[in-house]
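Report on the structure given below.
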Amino acid sequence: TMFSIAKESADPTRYLVGVIGLGLMGSAFASNLLSKGYIVHVHNRTKEKAEPLVAKGAVFCPSAKDLAASVDIVITSLTDQNAIDSVALRENGFLSSMRKGSLWIDMSTIDPSASIRHAVAAKEYNVDRLDAPVVGSVDLAAKGDLVILVGGRGEVFQKYDDFLNALGKTVLYLGTDGNGHKMKLDVNLYLGLIGESFSEALVLAEKQGFDASTFVEVINKTPHKNAFSEGKGPRIAQNRFDAAFSLNNLLKDLKLADGQAKETGAILPMSQVALE
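Under my numbering, the sequence shown has 246 at position 239, and the numbering climbs by one with no breaks.
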């Protein structure tokens, strides 16, 4: 079945885990695993970002290659496929130093065709790989309450099901390599279009003489309310635009979704507007 059930029996000391890329999400993944009793090695280009995790018990590794040689599971959480390429595959990439039969989980949001290419590279090194991008905020990541979208070989997914359930609350297996990354782009496309639709309706309401807060309250009293209108709506009404997810990253994801549309022949007119 696509949906996996969280199991309580996982032994937290079973795997040594490494996290490469300590941005908002990577740091939250590492923090969550430390809180559950895992031994976690971390690597980031700038060491400062690792300091709060080291204070919680993480082991800092000076290079991604060192980290990969000493753990059972490598988790990457980086900006895009170029960052993954340079850290994993290029000369001195970590993939070559991973133990045979160990696991690479890529939790970044990247181009699905690059994801498939990375899976092929991992196979050449006899390393298992899953793509496992996530849906949810940094707060949810730190608590292990994320939705994880998994692509990869079925038997690899089954083997590490318990571990994935430590990372997130809802783990959805979507099939072959790259499918996790494909679905992540579909989800973020939907998110981008919700933001666009909400904003246009809000602009019209204001032009008609309503306060932004009145529009937000009305929407949230209807069956059409959603996580965007309830979570971001009240902040937008107060002109508070502190980012939980940067516009640059959404732009990157909408561009990747547009690439998928061109590749598959999907015609998505509203997506073009949101992208512009």
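The C-beta atom is built at its ideal place from N, Cα and C for all residues, glycine as well.
Contact annotation, residue 262 with residue 173: C-beta distance approximately 32 Å; criterion of less than 8 Å not satisfied. Less than 8 Å separates the beta-carbon of residue 101 from that of residue 71. Taking each of 45, 73, 76 in turn and checking the Cα distance to residue 64, the smallest one comes out for 45. Taking C-alpha positions only, residue 129 is separated from residue 249 by approximately 38 Å. 104 is the residue among 104, 279, 86, 84 whose C-alpha sits nearest the C-alpha of residue 77.
The C-alpha of residue 239 lies about 10 Å from the C-alpha of residue 245. Going by C-alpha positions, residue 60 is about 43 Å away from residue 221. One alpha carbon belongs to residue 241, the other to residue 149, and they sit about 24 Å apart. Considering only 256, 95, 98, the residue with the shortest C-alpha distance to residue 30 is 256. Between residue 141 and residue 154, the C-beta gap is smaller than 8 Å, which places the two residues in contact. CA-CA distance, residue 175 to residue 214, rounds to 42 Å. For residue 192 and residue 264, the gap between their C-alpha atoms comes out near 6 Å.
Note on residue 116: 16 or more other CB atoms within 10 angstroms of its CB, so buried under the neighbour-count rule. Spatial neighbours of residue 260 in its own chain (CB-CB distance under 7 Å, excluding positions within 5 residues in sequence) are listed in chain order as 116, 192, 195.
Shown here, residue 226 sits in a helix according to DSSP, grouped into three states. In the DSSP annotation of this structure, the continuous segment of the alpha helix (DSSP H) that includes residue 61 starts and ends at 58 to 62. Excluding residues up to 5 positions away in sequence, 185, 188, 189 lie with their Cβ nearer than 6 Å to the Cβ of residue 119 in the same chain. Rounded to whole angstroms, the Cβ separation of residue 91 and residue 125 is 6 Å, and the two are in contact under 8 Å. In terms of Cβ geometry, residue 80 and residue 170 form a close pair [threshold 8 Å].
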